[in-house]
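Just so we're aligned: 135 in UniProt numbering is position 135 of the sequence shown, and the numbers increase by one with no gaps anywhere. Even for Gly, the Cβ is constructed at its ideal location relative to N, Cα and C. First the structure, in the form of structure tokens, and then the observations on it.
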Amino acid sequence: MDFFPLLELPEEIQAVVVERAARNSIQDLFGLKASSRSMKALAERRGVYHFLDVLSVPWGLNMPSELLKACYDEGNPSTLYIKGVQFFYSLDLQEEGLSLMKRAADAGYERAVYTHAITQAIFEGEGKYFHGIPLESVDRIGKLVRSVKWGWGLWHGDYFRDHKVLFINFFMSSFYRCQCENLVQRQCHCLWHIDVTKDDNMCNRCFWIKELGLSYVILNR
Numbered sequence: 001m002d003f004f005p006l007l008e009l010p011e012e013i014q015a016v017v018v019e020r021a022a023r024n025s026i027q028d029l030f031g032l033k034a035s036s037r038s039m040k041a042l043a044e045r046r047g048v049y050h051f052l053d054v055l056s057v058p059w060g061l062n063m064p065s066e067l068l069k070a071c072y073d074e075g076n077p078s079t080l081y082i083k084g085v086q087f088f089y090s091l092d093l094q095e096e097g098l099s100l101m102k103r104a105a106d107a108g109y110e111r112a113v114y115t116h117a118i119t120q121a122i123f124e125g126e127g128k129y130f131h132g133i134p135l136e137s138v139d140r141i142g143k144l145v146r147s148v149k150w151g152w153g154l155w156h157g158d159y160f161r162d163h164k165v166l167f168i169n170f171f172m173s174s175f176y177r178c179q180c181e182n183l184v185q186r187q188c189h190c191l192w193h194i195d196v197t198k199d200d201n202m203c204n205r206c207f208w209i210k211e212l213g214l215s216y217v218i219l220n221r
């Protein structure tokens, strides 16, 4: 199979290739950057920082703070998401945090779409944002979000506790009462077992109650 040399493409096409590499992984971006001087110049354009997913960077690789700041200044969705979660859940800056999460969600960053929808449902009682998440993708995105423990903080103030009590007393009890699927027999129907109590045949309402419950579990750690 013949390969077409990348450097023979028009510069604007080369720039698109660099942006796609940045969107795919930082390793791909750095690989292109090291391949030639012209690729290095294209990879170092500030506009490229908009496409890099900083949460795809391996944990063993420390990103320079200047690079994170450059990404944020370019409106990079992953850095908007990180700062939004930290503002909302760690610094008690709900309005600013929610705004940043929404900007990242509006840009199509799927972790932000999920987290923004969950946050709105928990703290504002709004479930309309769930409609933007394909059901077949929820489990994958939810696990992806919950796999990263940074930024959530330990929000044990009255606001969080009140919403958690409401969830346990009303929504969780209705989850266990619903006959949409056979329950796994357990000694106690509690928040900590909500993810292994019903299988994938549960009704749509119970499905989203389960996702909310899993979010409460990680928020309470």
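Query	Result
Three-pair Cβ contact test at 8 angstroms for the stretch 136-143 versus the stretch 87-105	no
First and last residue of the uninterrupted alpha helix (DSSP H) at residue 175	173-177
Cβ neighbours of residue 187 in the same chain (closer than 7 angstroms, five flanking residues each side left out)	Since pLDDT at residue 187 reaches only 49, below the 50 mark, its modelled position is unreliable, and the value read off the structure follows with that caveat. Result list for residue 187: empty, nothing under 7 angstroms.
Anticipated Cβ contact below 8 angstroms, residue 114 with residue 145, distance rounded	6 angstroms
Exposed unless 16 or more other CB atoms sit within 10 angstroms - verdict on residue 131	exposed
Cα-Cα separation, residue 215 to residue 129	16 angstroms
Any chain B beta carbon closer than 8 angstroms to residue 27	No chain B is present in this structure, which holds just one protein chain.
Helix, strand or coil at residue 4 according to DSSP, with G and I counted as helix	Confidence at residue 4 is low in this model, with a pLDDT of 49, below 50, so its placement is unreliable and the value that follows should be read with caution. Here residue 4 sits in coil by DSSP.
Three-state secondary structure assigned by DSSP to residue 133	coil
Where the alpha helix (DSSP H) containing residue 83 begins and where it ends	77-85
Rounded straight-line distance, which links the Cα of residue 50 to that of residue 77	7 angstroms
Nonlocal neighbours in the same chain, by C-beta distance under 7 angstroms from residue 206, ignoring five residues either side	175, 178, 180, 198
First through last residue of the alpha helix (DSSP H) which encompasses residue 51	Residue 51 -> no alpha helix (DSSP H), and no H or E assigned at all.
Where residue 139 sits in the DSSP three-state scheme	helix
beta-carbon residue 141 near the ligand MN non-hydrogen atom, thresh 7 angstroms	You won't find the ligand MN in this model; it holds no ligand whatsoever.
Residue 27 burial status per 10 Å Cβ neighbour count (16 or more: buried)	exposed
C-alpha gap between residue 164 and residue 143, whole angstroms	21 angstroms
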